[in-house]
Amino acid sequence: MSVIHNYADAHESVSAKQVEVSDEVLAKLATCSSGSLTTQLFKRGFRQPALVGLRAMTRDVKPFAGRAFTMRFIPAREDIDTYSTMTTKPNDDNLQWVGVEQIQPGDVLVIDSRNDPAAASAGNILVTRLLARGAKAIVTDGALRDGSEIAAMNLPAYAREITATTRISYHHVADLQVPIGCAGVAVYPGDIIVGDADGLTVVPAHLAEEMAEVCSVQDDIEHYLAMRIAAGEALWGVYPPSPASVSDYHAWVAAGRPAIPSIITQQGA
53 MSVIHNYADA HESVSAKQVE VSDEVLAKLA TCSSGSLTTQ LFKRGFRQPA
103 LVGLRAMTRD VKPFAGRAFT MRFIPAREDI DTYSTMTTKP NDDNLQWVGV
153 EQIQPGDVLV IDSRNDPAAA SAGNILVTRL LARGAKAIVT DGALRDGSEI
203 AAMNLPAYAR EITATTRISY HHVADLQVPI GCAGVAVYPG DIIVGDADGL
253 TVVPAHLAEE MAEVCSVQDD IEHYLAMRIA AGEALWGVYP PSPASVSDYH
303 AWVAAGRPAI PSIITQQGA
């Protein structure tokens, strides 16, 4: 008789383990392109690690990588989410303030706003406090308020929209530091958020060091291959890299990375 199901007696989740990602690894990940990160994650089974649809509100975003501090919203309820929850001391019905005050240097505040931009996930004062606490960025799949002020700050901020509507009109902060969904992607506390002017990629913490190494190599090879394509070579045999083009790359590095003239530059001259 054939076996239909084969269950294990126990399971230990690799992703759920507490993995501390060093500042050195974060710095290296910040130099990696989103294209290399998503490609290498796809090779390891992660189909969609990019937070699609979220755009940078901050001007001149410099690439960064930081540890996810998660915040989960649920729909607001009229008898709970009232203006009286905005107290001058912590209370259980206003966990947003509590979360902001728990942010550590190198953290990225990632908010599950249920993809709902009807009300703002945060405004300029909370973002200012995040900046003062050493946060790397704020990310929401909803909206932010005070868009022009946030855009002028030195803290990357990502959202779907800008709205003036206060959070408590539509959102209640239900949890901090729990697994969430943001823009349709699972984000676990401590996952690494890598961002630049183009967007955001979620890197599971236990893969962060590996991704930093392999993506740095891929980026360097693809920079070389792009120069060859810009020099007029056809894609076939060059990109994706064949064994011969990889060998050529190593020879190019050994030769001191000589310049490869671009016909595109010549045509535009």
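Residue numbers (our numbering): 53 to 321. Quick reminder that beta carbons are idealized off the backbone N, C-alpha and C, glycines included.
- Taking a contact to require three or more Cβ pairs closer than 8 Å, the region 151 to 169 and the region 115 to 122 qualify as touching.
- Sequence-distant partners of V298 (beyond 5 residues in either direction) whose C-beta falls short of 8 Å from its own C-beta, in its chain, are I273.
- Using a Cβ distance threshold of 8 Å, I220 and G194 do not count as a contacting pair.
- In this structure, D243 lies near V254, with their beta-carbon atoms less than 8 Å apart.
- Following the DSSP letters along the chain, one finds I281 inside the alpha helix (DSSP H) bounded by residues 260 to 282.
- The DSSP-derived three-state label of P127 is strand.
- The region 206 to 215 and the region 177 to 195 touch, with no fewer than 3 CB-CB distances between them shorter than 8 Å.
- Taking the Cα of H224 as reference, the smallest distance to any Cα among L252, R124, W304, E64 is reached at R124.
- If you draw a 10 Å sphere on the C-beta of M138, you find fewer than 16 other C-beta atoms in it, and that means exposed.
- If you look at Y222, you'll find it isn't in any alpha helix (DSSP H); DSSP assigns it neither H nor E.
- Residue environment: N58 is assigned as exposed (fewer than 16 neighbouring CB atoms within 10 Å of its CB, all protein chains considered).
- Counting along the chain, L252 sits inside the beta strand (DSSP E) bounded by residues 252 to 255.
- In terms of Cα proximity to A187, the closest of T122, R166, S136 is T122.
- The C-beta of D112 has fewer than 16 other C-beta atoms within 10 Å across all chains shown, which makes the residue exposed.
- Across the set I126, A283, L196, the C-alpha of I126 shows the shortest separation from the C-alpha of I232.
- Closest by C-alpha distance to V152, out of V77, V237, L183, is L183.
- In this structure, the CA atom of D198 is about 46 Å from the CA atom of P313.
- Excluding five sequence positions before and after N167, the CB atoms of its chain that fall closer than 6 Å to its own CB belong to D193, given in chain order.
- C84 and S268 do touch by the CB rule: their CB atoms are close to 6 Å apart, below 8 Å.
- For the pair E201 and N176, the Cα-to-Cα distance works out to about 6 Å.
- For the pair L259 and K80, the Cα-to-Cα distance works out to about 13 Å.
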